[in-house]
Structure formats: structure tokens, C-alpha cells
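Numbering (the numbering used here), first residue to last: 167 to 492. Glycine included, C-beta positions come from ideal geometry on N, C-alpha and C.
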């Protein structure tokens, strides 16, 4: 009873129900909740504080920003929270308007990232060199490429640099990116490198233009910190992996360089090992121990994970029968 009453009190208010409905779709900052709800910052902050104290929301700090999302470990109250959100009326003019404003907010976020890429396409490699020791990372990435890999997909290929490094070691490679300007740079770079086994496509990393279980290796190099939903990117990467296939994620470890968010449109200030490995596990992949490459001000992580080999039904049945006999 003592655990249940605070939850019931917390949800019994219109604005807080609206906040929970929004948090079930995305994690937002205080200012973003203010933008969507059309209420004052003190009022919104007070409601967020009550929901956090009731254990319904989690507050995640990223540098100078704090994001709020639905709590994932509510114990017996988890099903109650899901039921409350599921029972919110649809259609409802107020909630529908909130969702429309949330969709507009997310479009603006994405547009800022896309605009950044467009503005900096020609000097992207130069900018990245300020933060990452490219040669060291590329050598470590190449060392983790499976020797028997035949096909490779590079998500968010940017200037095509990872394709230049890895394409000579596979039979066929595909690079995808959403920015046409960036793809133009990639095509020019790859043409100079004379890689005839590389294909470049404009595509969305949340909806890859490849069939399921069709690729041996997926690389995601310095892309996740731009993603609104990194877990969704990894799920889509896992979808296209063949049984026994490998995904290689390269990105920053957690850091406090907030200027990267302000000046370079980074959505996330790095990722912890357990965070990335949790997303990979949720996508059905098994992680190897991560690799850490410390830099001058930023540490880079390489997270490698694999999709399980497909079991042959005849062999598996024989093995199971043998175990039973023993």
C-alpha cells in the first residue's frame, strides 16, 4: 500500500498524465517539455520533480542537460504505469496535439543534425580528426573484422573513410547515409581509391534498404551520438546481420564536452559500456569485451557483438537425442 499510493497520487493530474504520455515516446529535457506542453518552466519542473520522486520518471544527466524518461525498474508498479498509459484516451484533442508538437520537435532535432552535415560535408574528416585519433581507431577496427567476412554495411558512412579501410578485405561493401552532400564526398573519395566493390546509397539508418540476415558485418562509426534512438539503430543493424554476423560500433565514451552538442549537433555525450552492451543484448546480439582507446580529451570505445549461428535442425535434434540417452 505504501508503494502504491504515491504512484496513484502522482498520475492523478492532467499535466502529469500528458508528461507520461510524452515520456513513453521519447526522452525530453525540461525546455522540450515546456515547448510541447505550452506551460511555464517552473510549472513543468514541479510536475517532473513529483514524477521522479514517485519513481515514474528517471532523470538522466548529460553535461549541462538533463533528460527525463519513463522509469524502467518499477517492480510491481511497472505494469500499473503501462496500464495507465495504455488507458489514455485516443483520440483526444489535447494528447493528439502534444504528440503532433513532439513529432515537430523531433523533426527539428533531425534537421539540425542534417544541416550540420551539409554545412560541414567537405571538411568532415578534418573536424573529426580534432576529436579522434583516426589511424589508431581504424587499425583497431580492422583487427576486429572477421577474416571470413564477405559482405559489409557501413551505417552513416559520411566521407566513406571506413569503407576505404575495410572494403579491400571483403567481397562487397555498402555505405549508407542520409545526407546527399556527404554521399557526394564519399563517392569522390572512393573513386580516388579505386574501390570497385563498394556501393553508396542514400538511406535512413532506422530503415535499412537491405533484407534481413543479408550482411556479414555492420559498422557504425561515430554515428550513434547523433541518433535520437541509438537502440533502434542497433536493432535495425541486428536485423540485417546473417547468423554468425558481427556488428562493430565505434563511438565516444561518456564525456563532458558540452560544446560538441552546442556546436556540432551531438545528441549524446558519449556512451557507457553497459549502455551499449544492453542495447546490443536487447537486439539479440552477444557482446565481446569492449576496446577502449584513450585520446587527448575523449576516449573512444569499440563495441563488438555477434548474432548467434543458426542451428541446423537435424544436427540439433541428434545432439539433443544424444544428451537424453546419456
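Checklist entry - Among 349, 458, 318, which has the Cα closest to the Cα of residue 325? => result 349
Checklist entry - Do the CB positions of residue 421 and residue 444 come within less than 7 angstroms of each other? => result no
Checklist entry - How would you call residue 314, buried or exposed, if buried means at least 16 neighbouring beta carbons within 10 angstroms? => result exposed
Item to check | Three-state class that DSSP yields for residue 220 in the structure shown | outcome: coil
Checklist entry - Enumerated in chain order, which unbroken segments of the beta strand (DSSP E) with a length of 3 residues or greater are wholly contained in the segment 358-425? => result 364-368, 381-387, 407-418
Checklist entry - Does the beta-carbon distance from residue 384 to residue 319 come in below 7 angstroms? => result yes
Item to check | Cβ-based neighbour list, residue 380, same chain, cut-off 6 angstroms, excluding 5 preceding and 5 following | outcome: 406
Checklist entry - In or out: residue 226 buried (at least 16 other Cβ within 10 Å) or exposed? => result exposed
Checklist entry - Which one of 346, 322, 357, 220 has the shortest CA to CA distance from residue 389? => result 322
Item to check | Per-residue burial, residue 337 [other beta carbons within 10 Å of its own, 16 or more giving buried] | outcome: exposed
Item to check | Beta carbon of residue 187 nearer than 7 angstroms to that of residue 261 | outcome: yes
Item to check | Three CB pairs or more closer than 8 angstroms across the segment 462-472 and the segment 407-427 | outcome: yes
Next on the checklist: Could you tell me the alpha carbon to alpha carbon distance between residue 183 and residue 370, rounded to whole angstroms?
Outcome noted: 32 angstroms
Next on the checklist: So the candidates are 454, 204, 328, 218; which of them puts its Cα closest to the Cα of residue 271?
Outcome noted: 204
Item to check | Cβ-based burial, residue 362 [other Cβ within 10 Å; buried from 16] | outcome: exposed
Checklist entry - In three-state DSSP terms, what is residue 273? => result helix
Item to check | Residues near residue 480 in its chain [Cβ-Cβ closer than 7 angstroms; skip 5 each side] | outcome: Confidence is the limiting factor: at residue 480 the pLDDT is only 44, short of 50, which leaves the residue's position unreliable and the question unanswerable from this model.
Checklist entry - Mapping DSSP to helix, strand and coil, what is residue 466? => result strand
Item to check | Same chain only: Cβ atoms within 6 angstroms of residue 488, ignoring 5 sequence neighbours per side | outcome: Residue placement at residue 488 is poorly supported in this model, since its pLDDT is 47, which falls under 50; the coordinates still yield a value, given next. Excluding sequence neighbours, residue 488 sits near nothing in its chain.
Checklist entry - In angstroms, rounded to a whole number, what distance separates the CA positions of residue 172 and residue 423? => result 37 angstroms
Checklist entry - Can you tell me the Cα-Cα spacing of residue 197 and residue 329, whole angstroms? => result 39 angstroms
Next on the checklist: Please list the terminal residues of the continuous beta strand (DSSP E) segment that includes residue 457.
Outcome noted: 457-460
Checklist entry - Do you know how far the Cα of residue 316 is from the Cα of residue 478? => result Residue placement at residue 478 is flagged as unreliable, the pLDDT there being 49, under the threshold of 50; the coordinate-derived value follows with that caveat. So the two alpha carbons sit approximately 22 angstroms from each other.
Checklist entry - Taking the C-alpha atoms as reference points, what is the distance between residue 299 and residue 373? => result 30 angstroms
Next on the checklist: Looking only at its chain, what residues have a beta carbon closer than 7 angstroms to the beta carbon of residue 176, apart from the 5 residues adjacent to it on each side?
Outcome noted: 182, 216, 217, 220, 222
Next on the checklist: Determine whether the beta carbon atoms of residue 459 and residue 302 lie at a separation below 7 angstroms.
Outcome noted: yes
Checklist entry - In terms of DSSP beta bridges, what is residue 471 paired with? => result 413, 453
Checklist entry - Contact check, residue 342 vs residue 367 under 8 angstroms by CB: the rounded distance? => result 5 angstroms
Item to check | Presumed contact (8 angstroms Cβ cut-off) between residue 391 and residue 434, rounded CB distance | outcome: 5 angstroms
Item to check | Three-state secondary structure (DSSP) of residue 181 | outcome: helix
Item to check | Sub-7 angstroms separation of residue 446 and residue 376 beta-carbons | outcome: no
Checklist entry - With burial defined as no fewer than 16 other Cβ atoms inside 10 Å of the residue's Cβ, what is the status of residue 402: buried or exposed? => result buried
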